[in-house]
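Novice: I am attaching a structure below and will ask some questions about it afterwards.
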Amino acid sequence: MVLDTNVLISAHLLENSLSKKALDLAFRNCSVLYSEETIKEFEFVIQRPKFDRYLTKEIRVEALSLFSKLGISIQIQSSFEVCRDPKDDKFLQLIFDGRADYLITGDLDLLKLNPFQETQILSPSEFLKQSEKLIF
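Numbering (the working numbering), first residue to last: 9 to 144.
Shown next, in the form of structure tokens:
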């Protein structure tokens with residue numbers, strides 16, 4: 009499973025959000041994948057000054073550390089451009105090379121590509137609804 013940056017940020021900003029519930033469910037029941045590019049983007053975005061009033065520096069460092077410790081790093085071998093926004097291709101490359109079953113995102117450009125190869129691209133809400141029917 010892959011969680012994109014907007015889901016990770018929302019999960020850390022809003023304790024009771026659907027993104028937080030999806031993140032918790034993912035780590036309890038799935039292998040969560042990341043690549044060097046996706047973790048760098050998470051680190052860059054979570055450090056933005058606009059989040060200073062919501063997250064202390066310590067919480068941000070802990071979030072990054074925990075994510076990289078609990079997740080599985082995937083070396084990206086593929087190189088293709090599919091998404092309207094080229095910055096989102098790193099998530100498609102990750103789900104392809106990591107053979108992920110799911111990409112959880114709020115990004116409309118990515119959601120429009122559902123399914124991509126064999127991967128379901130779902131919003132946090134759709135993932136939570138679908139997970140009620142699944143046995144992990």
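Positions of the beta carbon are idealized from the N, C-alpha and C atoms, including for glycine.
The model shown is predicted, which means the values in this text are computed figures rather than measured ones.
Taking the straight line between their C-alpha atoms, what separation do you get for lysine 29 and leucine 119?
Specialist: Within the sequence shown, residue 29 is the residue found at index 21, counting from 1. Within the sequence shown, residue 119 is the residue found at index 111, counting from 1. Whole-angstrom Cα-Cα distance: 19 Å.
Novice: Mind checking lysine 98: buried by the 16 CB within 10 Å criterion, or exposed?
Specialist: For the purposes of this step, residue 98 is identified with residue 90 of the sequence shown, where counting begins at 1. Classification for lysine 98: buried.
Novice: Tell me whether glutamine 83 sits in a helix, a strand or coil according to DSSP, three-state version.
Specialist: Taking the first residue of the sequence shown as 1, we reach residue 83 at position 75. In this structure, glutamine 83 counts as coil in the three-state DSSP scheme.
Novice: Just tell me which of Arg92, Glu66, Ser81, Arg61 has its CA closest to the CA of leucine 11.
Specialist: Looking up residue 11 in the sequence shown gives position 3. Here the closest residue by C-alpha is Ser81.
Novice: What residue ranges within the segment 43-106 form continuous alpha helix (DSSP H) runs of no fewer than 4 residues, ordered along the chain?
Specialist: Within the segment 43-106, the complete alpha helix (DSSP H) runs of at least 4 residues are 44-54, 65-78, 97-105.
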